[in-house]
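Below is one structure, written out as structure tokens, with a few remarks after it.
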Amino acid sequence: MHNTFSIHEGGACSMVIILDGSGRRILRSGASEDGAVNGSLDFDRVVLRKDARINLVYIIMPETRADVDLAVELDGEGAEALVSGIYLCRGEDRVQIDMDIRHNVPHCISRQLFKGLAGGSARVGFYGKITVAQDAQKTEAYQENHSIILSDAAKVDTKPQLEIYADDVKCSHGATVGRLDEEEQFYMRSRGIPEDEAKVLQMLSFLSPVLDNVDDPDIREEISAAVDSAVRNL
Amino acid sequence: MDDKTEKDILQDIAAREYEHGFVTDVEQEFIPKGLDEDIIRLISAKKDEPEWLLEFRLEAFRRWRKMKMPSWAHLDIPEIDFQDIIYYAAPKKDSDRPKEIDPELEATFEKLGIPINERAALAGVAVDAVFDSVSVTTTFRKALSDKGIIFCSFSEAVREHPDLVRKYLASVVPIGDNFYSALNSAVFSDGSFCYIPKGVRCPMELSSYFRINAKGTGQFERTLIVADEGSYVSYMEGCTAPMRDENQLHAAVVEIVVEKDAEVKYSTVQNWYPGDAEGKGGIFNFVTKRGICKGSGSHLSWTQVETGSAITWKYPSTILKGDNSSSEFYSVAVTNNFQQADTGTKMIHIGKNTRSRIVSKGISAGHSQNSYRGLVKMLPGAENARNFSQCDSLLIGDRCGAHTFPDIQNASRTAVVEHEATTSRISEEQLFYCNQRGIDPEEAVGLIVNGYAREVLSKLPMEFAVEAQKLLSVSLEGSVG
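Those protein sequences? They're chains A and B, same order as listed. Quick note: the first sequence uses the working numbering, first residue 64, plus one each step. Quick note: the second sequence uses the working numbering, first residue 557, plus one each step.
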């Protein structure tokens, strides 16, 4: 059974969901007026009515065994979902992210952006599915998943899936699994930045597009600081 | 666009028949329907096979019996009664002319445009033609054998070169690999065998042509290509079948072994009968194709144009075992009416500095479903391995589906895998632009689709490229509207 969180017509909601060793925390911000939303905060399913908007950012910190399972149903025209996240993995971390985005009606937009680092002997799995129903024309659905492997024992599996039954749509997905670029490191080192610091800068800039999606400046600052120190200790 | 012209075009096309849908009237020899150990012994006896091959078949059959039809593909496959299929059909030999090809058969291949006689020397292609279960003829024997190249039917290879066949058979696709390959291993009838010796560059394109003719039969051919050190071969495969209301099964296995510094280019134009506009009939094309880049610096390239078959289930794959080996997969898959395709590739990177590239172009029209399914796997030892995948889907009409199911598994710190996919349709601006310049809608779609698939088509050998371009336009005719 799903724990559903609904956003009513015209409603909007922004949330940052932090998963770390101590569990799951939600920081809410933005214009979620009372009555615009209902449901439990322990949701694994989000339903968006007409013109409703949601912005979800997942922050998965090191030392976490996380299993993120989310279904987003775009049920009303004009709905917009932005779901993004970062994962910072080391040691024995296990992170599995399952995203199921369903465009049930026309004229909706969804964007997904998941980026992360895998060190130690971490295992990361990403399964992201976009389904565009028949007649859900003018859909725009985008999904990106990028991972960087930092150690020999880490492993990343990614399965971006597109299932499209309407023709007038713009859909794309992109996935990469790679390493830190050595030319960039060389560039920085030749300008006097030590190797370790250069790597940290690379990792932080890699993650920053997701952090930019946190719309509340205070929350963003708090999270950026936490991510910064976590990356330095990866 | 003028509504009336569009309607006319649609009707015109609906009335058009599958070009290769004729039936050839030759006397045929069948074995009874159904499948059990006796049937397998019978097939083996008919082909006068050695004991080891019969054992191989029986072993495969025993495994197959324990297996289940795979159901993970995005396909809606009606139940197949494997006991209702004739597993072996062959044109009867005309006793008056034992050494020549049946004129009817020759006419069939003539109609299909296969240069089966030596007079086709102009075409410069060596052909092995398989009609139902037996290989009919292989051309250019002599020219090839002068270079030490073996290119013959599979049955002949078993007789003449048993050591080679024994060494490589099932070395890439093991007997129990999957449901259909096990079935094929049990009942395979004929196919092509090709061996290129060390350092030889095959002077011409090799080609095999498959045709299902007999009613109620299945076709199970087996192709084995071995390219020894430093050799090169370009191999082409084409297929057609007559129009029938029933579904016919085609379950082939292709194995390719590429040794050190050798290169194999494998091209397919698959045009089995796709069924009629209501989705009745057509071939079930369940094929296992796999190659291994065994030695360092070896290269295997797959190019496929898939326009036929009611259902296609096919994943030409490469195991990149040798260091510095590389592989490419270029595919255009077109589905129209009620066709279904679930096709793609697997690239398994084992060796260091291995590279692979995947370019897949799916086009779906009518009520069809077209899926790309692919696996890119980097094993821990695949240092500095590299993969790039590009999967595009083009939708024509609002009742079809286009799906992308890639799977990327990276366990190597230094490997880089990139995948991207897009889905779009032919825009009205593009069509308008063409119409404005006097190109009618039908032709415009052909033009746009050919442009969209160009990257793949340009990889085909010339003999195939022209046919493929024509096929693309024909397969999509009547889909605009």
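Ideal Cβ positions, reconstructed from N, Cα and C, are used throughout, including at glycine.
Where residue i meets chain B, residues with beta-carbon distance less than 7 Å
i: residue 242 of chain A; result: 969, 970, 972
i: residue 212 of chain A; result: 966, 969
i: residue 272 of chain A; result: Neighbours of residue 272 of chain A on chain B: none; closest Cβ ~17 Å, over 7 Å.
Opposing strand residues paired with residue i [DSSP bridges]
i: residue 223 of chain A; result: A:191
i: residue 116 of chain A; result: A:75, A:143
i: residue 101 of chain A; result: A:69
i: residue 208 of chain A; result: A:177, A:238
i: residue 841 of chain B; result: B:806, B:868
i: residue 821 of chain B; result: B:790, B:857
i: residue 962 of chain B; result: B:930
i: residue 64 of chain A; result: None; residue 64 of chain A has no bridge partner.
Proximal chain A residues relative to residue i, where beta-carbon distance stays under 7 Å
i: residue 891 of chain B; result: Chain A residues near residue 891 of chain B: none, gap ~13 Å exceeds 7 Å.
i: residue 965 of chain B; result: 220
i: residue 626 of chain B; result: Under the 7 Å cutoff, chain A gives no residues; its nearest Cβ is about 18 Å from residue 626 of chain B.
Euclidean distance between Cα positions of residue i and residue j
i: residue 644 of chain B; j: residue 1004 of chain B; result: 42 Å
i: residue 234 of chain A; j: residue 925 of chain B; result: 17 Å
i: residue 240 of chain A; j: residue 163 of chain A; result: 21 Å
i: residue 724 of chain B; j: residue 708 of chain B; result: 15 Å
i: residue 200 of chain A; j: residue 236 of chain A; result: 18 Å
i: residue 633 of chain B; j: residue 197 of chain A; result: 21 Å
i: residue 588 of chain B; j: residue 897 of chain B; result: 31 Å
i: residue 860 of chain B; j: residue 801 of chain B; result: 26 Å
i: residue 106 of chain A; j: residue 66 of chain A; result: 5 Å
i: residue 936 of chain B; j: residue 756 of chain B; result: 34 Å
i: residue 701 of chain B; j: residue 717 of chain B; result: 13 Å
i: residue 894 of chain B; j: residue 979 of chain B; result: 20 Å
i: residue 680 of chain B; j: residue 156 of chain A; result: Note that residue 680 of chain B has pLDDT 48, beneath the 50 cutoff, so the model's placement of it is unreliable and the number below is only indicative. Answer to the nearest angstrom: the Cα atoms are 59 Å apart.
i: residue 636 of chain B; j: residue 617 of chain B; result: 17 Å
i: residue 989 of chain B; j: residue 1006 of chain B; result: 16 Å
i: residue 114 of chain A; j: residue 87 of chain A; result: 28 Å
Chain-ordered chain B contacts of residue i [CB-CB under 8 Å]
i: residue 170 of chain A; result: Neighbours of residue 170 of chain A on chain B: none; closest Cβ ~15 Å, over 8 Å.
i: residue 239 of chain A; result: 972, 973, 974, 975
i: residue 235 of chain A; result: 976, 977, 978, 979
i: residue 227 of chain A; result: 949, 951, 957, 958, 959, 979
Close Cβ partners of residue i (< 7 Å) along its chain, the five nearest in sequence each way excluded
i: residue 1017 of chain B; result: 761, 790, 792, 823
i: residue 137 of chain A; result: 111, 144, 165, 166, 167, 168, 171, 173
i: residue 92 of chain A; result: 77, 278, 279, 282
i: residue 223 of chain A; result: 191, 206, 208, 236, 238
i: residue 212 of chain A; result: 181, 219, 240, 242
Same chain only: Cβ atoms within 6 Å of residue i, ignoring 5 sequence neighbours per side
i: residue 612 of chain B; result: none
i: residue 251 of chain A; result: 261
i: residue 794 of chain B; result: 765, 825
i: residue 125 of chain A; result: 151, 153, 293
i: residue 1029 of chain B; result: 1002
i: residue 517 of chain B; result: The structure shown does not extend to residue 517 of chain B, since chain B is modelled only from 557 through 1037, so no value can be given for it.
i: residue 913 of chain B; result: 884, 944
i: residue 1026 of chain B; result: none
i: residue 721 of chain B; result: 713, 714
Residue i classed as buried or exposed, judged by whether at least 16 other C-beta atoms fall within 10 angstroms
i: residue 85 of chain A; result: exposed
i: residue 841 of chain B; result: buried
i: residue 869 of chain B; result: buried
i: residue 885 of chain B; result: buried
i: residue 830 of chain B; result: buried
i: residue 675 of chain B; result: Unreliable positioning characterises residue 675 of chain B in this predicted model, as indicated by a pLDDT of 40, which lies under 50. The coordinate reading is nonetheless provided below. Looking at its Cβ environment, which holds fewer than 16 other Cβ atoms inside 10 Å, residue 675 of chain B is exposed.
i: residue 627 of chain B; result: exposed
i: residue 1024 of chain B; result: buried
i: residue 993 of chain B; result: exposed
i: residue 148 of chain A; result: buried
i: residue 255 of chain A; result: exposed
i: residue 878 of chain B; result: buried
i: residue 854 of chain B; result: buried
i: residue 572 of chain B; result: With a pLDDT of 48 at residue 572 of chain B, under the threshold of 50, the modelled position of this residue cannot be trusted; read the value that follows with caution. When all chains shown are included, residue 572 of chain B counts as exposed.
Residue-chain proximity (residue i, chain C), Cβ-Cβ < 8 Å
i: residue 868 of chain B; result: Within the model displayed, chain C is absent; protein chains A and B are what it includes.
Listed by chain order, chain A residues near residue i by CB distance under 9 Å
i: residue 1032 of chain B; result: Per Cβ cutoff of 9 Å: no residues; residue 1032 of chain B is ~14 Å from chain A at best.
i: residue 936 of chain B; result: 215, 216, 218
i: residue 1017 of chain B; result: Correct list: empty, because the minimum Cβ distance to chain A is about 32 Å.
Interface residues of chain A facing residue i [CB-CB closer than 8 Å]
i: residue 954 of chain B; result: 197, 198, 200, 229, 230, 231
i: residue 997 of chain B; result: Correct list: empty, because the minimum Cβ distance to chain A is about 16 Å.
Under 9 Å by beta carbon: chain B residues contacting residue i
i: residue 175 of chain A; result: Neighbours of residue 175 of chain A on chain B: none; closest Cβ ~14 Å, over 9 Å.
Nonlocal neighbours in the same chain, by C-beta distance under 8 Å from residue i, ignoring five residues either side
i: residue 629 of chain B; result: 869, 898, 927, 929
i: residue 226 of chain A; result: 192, 193, 194, 195
Residue i CB to nearest heavy atom of the ligand FAD below 7 Å
i: residue 606 of chain B; result: In terms of ligand content, the structure shown is empty, and the ligand FAD therefore cannot be addressed.
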